[in-house]
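All remarks here apply to the structure that follows.
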């Protein structure tokens, strides 16, 4: 194990893969969060009856394996002749996947704000938007942020599946090296260590915030 | 824009094959869940034992399971163990990978559930003359199961979704594997995978609803 054929440039290749993982995650989480906030507010605003179709669609994204979603997304873009590269397809599918989970988090956050507090805000003459911006947003963020951090990490880990569309992200990069060097254990351990180093500190931060910000 | 003609008939003709695959999917998910539960109980016991080494092993397991992708864990079981001369079949590798993952998440779930039950409960049980085992069995465990049950059913749904990853290590008998095989033969990717998605959705919903019904019966008091 200690006389390995792994070279510095191979490590650079892995680092490039890690950057791809981070890029896919960043784009998807950013887009997914924006969508999730919009969907969450809409669901809260129009009530469970009218938002049933939206709820159903988002539920599908949470109940179908991501791998199947990616394959379907890719098949769809080629059927519709959109000509998207794998990166775009992956980001679109992952964004919708993220949005589905984020909607739940946002909805939970908004629901955790006591209705009396919001009514008090409106009685003081605040508009709906001011109520949302100055009363609901700060209170809901406290409740939602830890789960949102968890979601971001989940998407980061799930983004490994985009290798199926041929995108060379961290796991795929290590697979390429394994095929060439035939040292699966060492290379996979490095790959796992990179994932761990990205995920663990942020997971700890999320746990800390959860403890610090819990209401009891 | 849509010059593509859909051939749903082909996919529907393959439905029995895919349902057979769905059974394998359920089988793998259930087995991984049973193994995962047993391992998670062992991990929780290790963490509570106060033994530094056992606790360290359990903590490492949980952190690795929770901070690396499930696909990575399956790859580790399939490719990584080859270094030790252990060559697992795709089926076993998938099972090992998911069970490892389940154990990590469930152990964390159990720990949270145990924390949610105040120490005073155990003490009250003990002062009523119960032994430590009795207090755990009759006071702590029922309450803990109650807290841990719904997250555990979520984990079951996760396990079902995770079985689809088997196709990346060459598994061809579960739902995703069967679908991929059919797809490779006919290139009707969208139709086959859309049908697979429907089946996955039905299974996931079925498990969720069944668990909810079970929970409302079991935890009625």
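Chains as they are written, first to last, in the numbering used here: chain U, 110 to 325; chain Y, 11 to 231.
By construction, the Cβ of each residue, glycine as well, lies at the ideal position given by its N, Cα and C atoms.
Following the DSSP letters along the chain, one finds residue 262/U inside the alpha helix (DSSP H) bounded by residues 246-267.
For the 7 Å CB-CB criterion, residue 294/U and residue 93/Y form a contact. Near chain Y, meaning a CB-to-CB distance below 7 Å, the residues of the region 289-322 of chain U are 293, 294, 297, 300, 301, 304, 305, 308, 309, 312. With fewer than three CB-CB distances shorter than 8 Å, the region 171-187 of chain U does not count as touching the region 215-227 of chain U. A straight-line Cα-Cα distance of about 29 Å links residue 306/U and residue 39/Y. The beta carbon of residue 79/Y falls within 7 Å of a beta carbon belonging to chain U, placing the residue at that interface.
Inside the region 150-195 of chain Y, DSSP marks whole alpha helix (DSSP H) runs of 4 or more residues at positions 151-172, from first to last along the chain. The Cβ neighbour count for residue 170/Y, taken over all protein chains shown within 10 Å, is at least 16; the residue is labelled buried.
In the displayed model, residue 206/U falls within a helix according to three-state DSSP. Only residues of its own chain outside the window of five on either side were considered, and among them 173, 184, 185 have a CB closer than 6 Å to the CB of residue 35/Y, listed in chain order. Residues of chain Y with a Cβ closer than 7 Å to the Cβ of residue 163/U do not exist, since the nearest Cβ in that chain sits about 16 Å away. Buried is the label assigned to residue 266/U, since at least 16 other Cβ atoms lie within 10 Å of its Cβ. Apart from the 5 residues on each side of it in sequence, residue 103/Y sits with its Cβ closer than 7 Å to the Cβ of 84, 87, 88, 179 in its chain, given in chain order. Buried is the label assigned to residue 176/Y, since at least 16 other Cβ atoms lie within 10 Å of its Cβ. For the region 159-176 of chain Y, the set of residues with a beta-carbon nearer than 9 Å to any beta-carbon of chain U comprises 167, 170, 171, 172, 173, 174, 175, in chain order. The C-beta separation of residue 240/U from residue 227/U comes to about 6 Å, placing the pair in contact by the 8 Å criterion.
Here the C-alpha atom of residue 199/Y lies approximately 56 Å from the C-alpha atom of residue 131/Y.
Taking CB atoms only, residue 174/U has a neighbour in chain Y less than 7 Å away. In this structure, DSSP gives residue 190/U a state outside helix and strand, which the three-state scheme calls coil. Note on residue 63/Y: under 16 other CB atoms within 10 angstroms of its CB, so exposed under the neighbour-count rule.
Listed along the chain, the chain U residues whose CB falls inside 9 Å of the CB of residue 210/Y are 172, 173, 174, 177. Chain U places no beta carbon closer than 7 Å to that of residue 101/Y, leaving this residue out of the contacts.
The beta carbon of residue 147/U does not come within 7 Å of any beta carbon belonging to chain Y, so the residue lies off that interface. Within chain U, no residue has its CB atom less than 7 Å from the CB of residue 139/Y, the nearest being about 32 Å off.
For residue 126/U, the enclosing alpha helix (DSSP H) starts and ends at 117-159. Secondary structure note for residue 226/Y: its alpha helix (DSSP H) is the uninterrupted segment 199-228. Per DSSP, reduced to three states, the secondary structure at residue 291/U is coil, with no helix or strand assignment.
Assigned with DSSP and collapsed to three states, residue 167/U falls in helix.
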